[in-house]
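See below for the structure under consideration.
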Amino acid sequence: MSRLAPGALLAALAAWTAMYSTPGAAAPLEIRMWRHDTGDAEMAAGRAAVARFNASQEKWKVVVEAMPQSTYTSAITAASMVRQLPCVLAIDQPTVPNFAWAGHVRALDSLLPRDAVARLLPGGRGTYRGKLYSVGQFDVTLALFSRRAQLAALGVRIATIDRPYSAREFHAILVKAKQSKIARFPFDVNGRSRAEWPSYAFLPWLQSAGADLIDRSSYLRADGVLNGTSALGVARYYASLYAEGLVERNPADERAFEQGRALFHYTGSWKSDDYDRLFGSDLVVMPPPDFGHGPRIGAASWQWAISRDCRHPEGAAALLAHLIGTGEMAAMSRATGHVPVSREAAALTEHYREGGARRIYFEFAQRYALPRPATPAYPAMSAVFEKTLSDLRAGKDPAEALDEAVEAIEHDIARNNGYGFSSANQVGAAQ
Amino acid sequence: MTARLGQDSIWAIGSFAAPAMLLFFAFILLPLLLAAGATFTNHRLVSPEPTRFVGLDNYARLLSVTILTVQADQRQAGEEDVRFPTWRQSRQARPGLAGYRPAFHVDLGATRYVLAARDPLFVRSLVNTFLFALLVLPLQCGAALGLAILVNQRLRGRIFFRTVYFAPVVTSMVVASIVWSFLLNTDRGLINELLRALMDDPGAGPDWLGDPRLALASIALMSAWQGAGFQMLVFLAGLQSIPPEQYEAATLMGANAWQRFVHVTLPGLRNTIVFVLVSTTLLAFGLFTQVDVMTLGGPLDSTSTVVYHAVRKGFHEQDIGYGSTIALVFFMIVLGVSALQRMLAVKGAAR
Chain A
1 MSRLAPGALL AALAAWTAMY STPGAAAPLE IRMWRHDTGD AEMAAGRAAV ARFNASQEKW
61 KVVVEAMPQS TYTSAITAAS MVRQLPCVLA IDQPTVPNFA WAGHVRALDS LLPRDAVARL
121 LPGGRGTYRG KLYSVGQFDV TLALFSRRAQ LAALGVRIAT IDRPYSAREF HAILVKAKQS
181 KIARFPFDVN GRSRAEWPSY AFLPWLQSAG ADLIDRSSYL RADGVLNGTS ALGVARYYAS
241 LYAEGLVERN PADERAFEQG RALFHYTGSW KSDDYDRLFG SDLVVMPPPD FGHGPRIGAA
301 SWQWAISRDC RHPEGAAALL AHLIGTGEMA AMSRATGHVP VSREAAALTE HYREGGARRI
361 YFEFAQRYAL PRPATPAYPA MSAVFEKTLS DLRAGKDPAE ALDEAVEAIE HDIARNNGYG
421 FSSANQVGAA Q
Chain B
1001 MTARLGQDSI WAIGSFAAPA MLLFFAFILL PLLLAAGATF TNHRLVSPEP TRFVGLDNYA
1061 RLLSVTILTV QADQRQAGEE DVRFPTWRQS RQARPGLAGY RPAFHVDLGA TRYVLAARDP
1121 LFVRSLVNTF LFALLVLPLQ CGAALGLAIL VNQRLRGRIF FRTVYFAPVV TSMVVASIVW
1181 SFLLNTDRGL INELLRALMD DPGAGPDWLG DPRLALASIA LMSAWQGAGF QMLVFLAGLQ
1241 SIPPEQYEAA TLMGANAWQR FVHVTLPGLR NTIVFVLVST TLLAFGLFTQ VDVMTLGGPL
1301 DSTSTVVYHA VRKGFHEQDI GYGSTIALVF FMIVLGVSAL QRMLAVKGAA R
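Here's what the structure looks like:
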């Protein structure tokens, strides 16, 4: 290493002082951002998006801190209780109303440019009581994966957007596949996944039959909605899949479809990269079965919100506006394969533009997607529903299981004074 | 310094006891008092609403149980299949049962006896916890004693066997649980594959963790396997403290192996056995990790335990007030059981 001449050092020092003493070019303010740890491609894409934001202006400098997904939500809760939340947070969209109600995050309506928000599909927004609390760059969609050759060998048609499988037809196919010994358990539904997956995957079945977790006009009543006739039909259907051995109750791994042990895989579009590579043109992507009111899938994935404690909300908002810009959204989709949440961004991607190889996922998102109930009770409801499904798997009577779920949900709502939807007295009787 | 060596001075006692007392207050007594305080409130983990005093509501919800009889549906009379009305139907006739749900029921002909509770899962969890203790206690202590006697023999390679039997104890319970849930897997687990090979029947092999009748027993089996090594070491220490002269004397008097075991070994191990029984019971009451990893309380709540229930209520459902109530009530129950065990042991010693 060569020694710096004193003259050069002085000159450098002078230049440095000049740079930072010029008015208007102060050191950028730091904005902290938390996100959960995901796959490498998504992490890299997220970092690149933030780097572009940092380079695009000099006022703010965003610092990203990643933490493991399994404990992420409790980390936010803990940080919020001691008022240590960073400015920007990644949140799973269905929990956004709970965070808004608990006061962790602030409304974004006045912070974000109106036209940028207007372009977002429902899968890109998180709302609570009519206000916007989070925005997202991408969505994922549910789909039914299968293989062309196997379906042809079985003599079964391929479902399309215009003609999805009806639930009855789908059940008959599964029985046929089981009898013809194509697969011991023909239908893989990610039986090892816990937490949000069961609700994300099977609540759409209820909705497709015309039922729901809760009455969405009041967000207070589950009785008659979650245990009505149509919901009961879906619960019986779900239980029969296990009782008849069409779905494995407790699978040992998550590779049944790729190893050819299952004919169908009901999972998210996040698998499309792997399956395209593995099966090429043999792969078919189909809409989920129709329980009467057309197929349904869950809308919205992880999104960004601004915390209540944030001291520079305008900087955080600038970042969010940058992230939901059409170009950034398209870049994220190109890097990760996720579905963009605006038509403009979709048009910019090779996969999701009209005629693109994965346009079908975008169509699913546009036609079938229904957000989960936007109530702070959702995390509790989702936990109850997960338990109900696991009881059904084990053979509990569907009517009793749904009645129990209704009571657990209404009890939770009453205990939280209606979660801001009404006074305690109105639902106190539901206990 | 006024105190001299060998004399009890209040200062000496104080300075020796202070660190322990400080830790006791900070980490045992204070949390216990805070939890006791929380049981009288509706405190939530996260809520924008203020915590309110609710009196004994939490206790009432936890401890309310009732037994009622339900008659089979008359409409179905005459048919082979006896059908009972669903719980909602049978409750509609009795407005007093608004918050109650069934925990257990027994059918005797056309009459069903239902044990209903306002928190039926707590009742089930309590029963499961005691059932687990009943299963694991003889299993684990018996296995430990057997192993201890085995590795106490003057055999070649006994150090190796001691290590092997002790190995599960130093394995993390989470790791052990994951490995065992693979072993016990219905379709592709090693144990069922083995059964199928032995019985030459591709359909053989029970659903270990998916069958409500087997799940708790499976977990008990696995827990006994994991924990027995520790009790084995305690028993081993006990065995080695029995003077060899007693065995020699017994042999000279013509006692056979069984008589030596009953009249020398067991009396010599009395205190050890009491210690092992009490500590194993306490450990069994704390069952949580295995359930959390292997079954999540299912199938049909057959493996839910009190600690698991308290964690689920307190943290997953964020109901700290109610979770504390469960924990405190259970603490009292465990305290009672330990006191009873101790009383019996003291009585036994006096005999």
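Going down the list, the sequences are from chains A and B.
Note that this note's numbering gives residue 131 to position 131 of the first sequence, counting from 1, and the numbers run on in steps of one.
To get this note's numbering, take the position in the second sequence, counting from 1, and add 1000.
For every residue, glycine included, the Cβ atom is placed at its ideal position computed from N, Cα and C.
I need the straight-line Cα distance from Arg119/A to Arg1213/B, nearest angstrom please. 55 Å
Does Glu196/A have its Cβ less than 9 Å from a Cβ in chain B? no
In chain order, what residues of the segment 1055-1071 of chain B put their CB closer than 8 Å to some CB of chain A? none
For His1316/B and chain A, any beta-carbon pair shorter than 9 Å? yes
With Pro379/A and Asn98/A assumed to form a contact (beta carbons below 8 Å), what rounded beta-carbon distance in angstroms separates them? 5 Å
Residue burial classification, Ala18/A (beta-carbon count within 10 angstroms, cutoff 16): The pLDDT assigned to Ala18/A is 48, lower than 50, so where the model puts this residue is not dependable; a value taken from the coordinates is nonetheless given after this. Result: exposed.
Gly1014/B versus Leu1335/B: straight-line alpha-carbon distance, rounded: 28 Å
Step through the CB atoms of chain A and report whether any lies within less than 9 Å of the CB of Asn1042/B. yes
Any chance you could list the alpha helix (DSSP H) runs of at least 4 consecutive residues sitting entirely within the segment 1224-1286 of chain B, in chain order? 1244-1252, 1257-1260 and 1270-1285
Please confirm whether Gly103/A has its beta-carbon closer than 9 Å to some beta-carbon of chain B. yes
Just the Cα atoms here: how many angstroms apart are Gly24/A and Met332/A? In this prediction, Gly24/A scores a pLDDT of 49, lower than 50, which makes its location untrustworthy; no coordinate-derived value is stated.
Could you have a look at Thr326/A and say whether DSSP puts it in helix, strand or coil? helix
Cβ neighbour criterion (16 or more within 10 Å) applied to Arg1112/B: buried
I'd like to know whether the C-beta of Leu1045/B is nearer than 9 Å to at least one C-beta of chain A. yes
Only counting the same chain, and skipping five residues up and downstream in sequence, which positions put a Cβ closer than 7 Å to that of Val1307/B? Gly1286, Leu1287 and Phe1288
Of all the CB atoms in chain B, is at least one closer than 9 Å to the CB of Ser21/A? Interpretation of Ser21/A is limited by its pLDDT of 46, a score under 50 that renders its predicted location unreliable; the figure taken from the coordinates is listed afterwards. Not closer than 9 Å to any Cβ of chain B, the Cβ of Ser21/A fails to qualify, so no.
For chain A, check one thing: does any of its Cβ atoms lie closer than 9 Å to the Cβ of Trp1087/B? yes
Whose Cβ in chain A lies nearer than 7 Å to the Cβ of Asn1185/B? Asn250 and Ala252
By how many angstroms is the C-alpha of Ile1219/B removed from the C-alpha of Gln1341/B? 24 Å
Kindly list the residues whose CB is nearer than 7 Å to the CB of Ala79/A, restricted to its own chain and excluding five residues on each side of it in sequence; keep chain order. Leu85
At a CB-CB cut-off below 8 Å, which residues of chain B make contact with Asp403/A? Thr1086, Trp1087 and Arg1088
Selection from Thr1265/B, Ala1217/B and His1309/B that minimises the alpha carbon distance to Leu1236/B: Thr1265/B
So, is the C-beta of Gly1099/B closer than 9 Å to a C-beta in chain A? yes
Considering Thr267/A, what are the terminal residues of the beta strand (DSSP E) in which it resides? Phe264 to Gly268
Is it the case that the Cβ atoms of Phe1261/B and Val1169/B are separated by a distance below 9 Å? no
Suppose contacts are defined by Cβ-Cβ distances below 9 Å. Is Trp270/A in contact with Pro1048/B by that definition? no
Can you give the beta carbon distance from Val88/A to Trp304/A, rounded, assuming they're within the 8 Å contact cut? 6 Å
What's the C-alpha gap between Ser1181/B and Gln1290/B? 9 Å
Which residues mark the beginning and the end of the alpha helix (DSSP H) in which Arg1091/B is found? Trp1087 to Gln1092
Using a Cβ-Cβ cutoff of less than 8 Å, which residues in the same chain neighbour Ala243/A once the five nearest sequence positions on both sides are dropped? Gly395
Compare the Cα-Cα distances from Ala1117/B to each of Gly1146/B, Gln1092/B, Ile1159/B and Ile1067/B and report the closest residue. Ile1067/B
Below 8 Å on the Cβ atoms is my guess for Met286/A versus Ser70/A; work out the distance and round it to an integer in Å. Not confirmed; about 31 Å, so no contact.
Residue range of the alpha helix (DSSP H) that Gly46/A falls in? Asp40 to Ser56
If you run the structure through DSSP and keep just helix, strand and coil, what is Met333/A? Per the sequence shown, residue 333/A should be read as Ser rather than Met. Helix, per DSSP.
With 16 other CB atoms within 10 Å as the buried threshold, where does Phe1025/B fall? exposed
So, for Val156/A: in the same chain, excluding its five sequence neighbours on each side, which residues have a beta-carbon less than 6 Å away from its beta-carbon? Ile173
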